[in-house]
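Residues in the sequence shown are numbered consecutively from 1, following full-length UniProt numbering.
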Amino acid sequence: MSDTMVSLRRKINSASDLRSVVRTMKALAASDIGQYEQSLRALGDYYRSVALGLSICFQKNPPNVWITRSKRRIDEGRVGAVVFGSDQGLVGRFNEVIADYALNALATLPGKPYVWAVGERVHARLVDANLPLISTFNVPNSVKAITPLVGQILVESEMRYSEGELTEFYLFYNRPTSGAIYEPIQLRLLPLDETWQRELAELPWPTKKLPEVMGGTINTLRALIREYLFVSLFRACAESLASENASRLAAMQRADKNINELLENLNRSFHRLRQSGIDEELFDVISGFEALVEPRVLG
1 MSDTMVSLRR
11 KINSASDLRS
21 VVRTMKALAA
31 SDIGQYEQSL
41 RALGDYYRSV
51 ALGLSICFQK
61 NPPNVWITRS
71 KRRIDEGRVG
81 AVVFGSDQGL
91 VGRFNEVIAD
101 YALNALATLP
111 GKPYVWAVGE
121 RVHARLVDAN
131 LPLISTFNVP
141 NSVKAITPLV
151 GQILVESEMR
161 YSEGELTEFY
171 LFYNRPTSGA
181 IYEPIQLRLL
191 PLDETWQREL
201 AELPWPTKKL
211 PEVMGGTINT
221 LRALIREYLF
231 VSLFRACAES
241 LASENASRLA
251 AMQRADKNIN
261 ELLENLNRSF
271 HRLRQSGIDE
281 ELFDVISGFE
291 ALVEPRVLG
C-alpha cells in the first residue's frame, strides 16, 4: 500500500515539475511573439516607404529601362528557394506544413532547384523527401539576429543570380493569420522583371504633392532595390518566427491542459488510496479494541 502511494506521489511531483516547465515555455513563446509582431508592424511602414520610392523612380522613367538583369529563358538556369522552418521541436506540424508546401510548389517549377533551409527540423524533412540542399542556416533567436541571416541569404543568392545560375528565387515560409493559426505562402523575390516594376509604378502617391528623386535616379533606384530585397527577406523570416512561436504556444497550451487533467486524476487516485489506507487502519484499531473488550465482558 505504502509503495503504491509513494509511486503516485512521485508521479504527481514529476507532473508538477513538467507543468512548471511547460508554463515557462508558454511565457517565453508569448514574449517572443510580441517582439516579432512589433518588428513586423514597424517593418510594414518601412516597406511601404520603400515601395513608394520605387514607384516614383519607375513613374519618372519607363519600367523597361530599369530591367536589373538581362532577360533569360527559364530553362537556361535553375530555380532557387529558401524554406524557413525551425531548429527546435514542440511546434506541432509547423515544419511538416511548410516543407510539404514547398515540395509541392517546387515540383511544378522547371529544372532542379537550389534550396537553402533555415532550421534543422525543416532540413531533415526536406532531406527525407530526397530534395538536395545547398546549405542550412540556423534559425535566429531574436529580432537582432535576423539581420545577419538576411545578409547571408542575400550574398549567396545574388552571387548565383548574377552569374546566371538562377533565373528565379522564391521564399517559402509560414505566415501568421490569427491567434495560433498560420498559413504557408510563397514569395517570388527574383527576378525584378517588368511585371514587378509595372505593379510598383501603378501605386498611388498618398498626398497631392508629388516628390522628386534626389541624387540621381539610378543611384536612388539601386539603393531602394537593395532595401526592397532586404525588407522582403526580413519580413519573411520575422513572420516565420512569429508563426513558429504561435505554434509552440498552442502546443504548450494543449500540453498544459493535458497535464492538469493528469494531475487531477493522480491526485484523485492518491486521495482515494490514502483514504482507503486510513479506513483500513481504523478498522484494524476498532477490531483490536473489540477483541480486547470481548473477553472482559464474557468474564
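Every residue gets a Cβ at the ideal spot worked out from N, C-alpha and C, and that includes glycine. All figures in this text were calculated on a predicted structure; none of them were measured in a lab.
Option nearest residue i by Cα separation, candidates the options
i	options	result
GLN186	ALA42, ALA99 and LEU210	ALA99
TRP196	LEU229, ASN174 and THR220	LEU229
ASN141	GLU156, ILE153 and ALA242	ALA242
residue 358	ILE218, ARG48 and GLU158	Here the chain has residues from 1 to 299 only, and residue 358 is not among them.
ALA255	GLY92, GLN35 and ASN219	GLY92
ILE134	ALA145, PRO148 and LYS112	LYS112
ASP87	ILE181, LYS26, ASP45 and VAL139	VAL139
SER49	SER269, PRO211, PHE270 and ALA236	PRO211
Integer-rounded CB distance, given that residue j should sit under 8 Å from residue i
i	j	result
PHE84	PHE169	With 8 Å as the limit, PHE84 and PHE169 do not qualify as a contact, their Cβ atoms being about 14 Å apart.
LEU126	VAL115	7 Å
ASN95	ARG121	4 Å
residue 302	ALA129	Here the chain has residues from 1 to 299 only, and residue 302 is not among them.
THR207	VAL213	Actually they do not touch by this definition, with Cβ atoms about 16 Å apart.
Counted within 10 angstroms of its Cβ, other Cβ atoms place residue i as buried (16 or more) or exposed
i	result
ARG73	Low local confidence applies: a pLDDT of 44 at ARG73 is under 50, so the model's placement there is unreliable, with the coordinate-based value given in what follows. With fewer than 16 other Cβ atoms within 10 Å, it is exposed.
SER162	exposed
ASP32	buried
VAL6	exposed
PRO184	buried
GLU244	buried
TRP66	Low confidence applies here, because TRP66 scores a pLDDT of 43, under 50, leaving its location unreliable; read the following figure in that light. Classification of TRP66: buried, given that the 10 Å Cβ count is 16 or more.
Under 9 Å between C-beta atoms of residue i and residue j
i	j	result
LEU52	VAL231	no
ILE153	LEU233	yes
ARG188	GLU239	no
LEU273	THR4	yes
ILE259	LEU8	no
THR136	VAL155	no
LEU262	ALA15	yes
ALA27	ARG248	no
VAL82	ALA236	yes
ALA246	ILE181	yes
Segments of 4+ residues assigned as alpha helix (DSSP H) that fall wholly inside the segment 187-247: List check, alpha helix (DSSP H) in window: 194-201.
Length at least 3, wholly inside the segment 65-153: the beta strand (DSSP E) runs in chain order: Runs of the beta strand (DSSP E) lying entirely within the segment 65-153, each at least 3 residues long, are 78-84, 114-118 and 135-137 in chain order.
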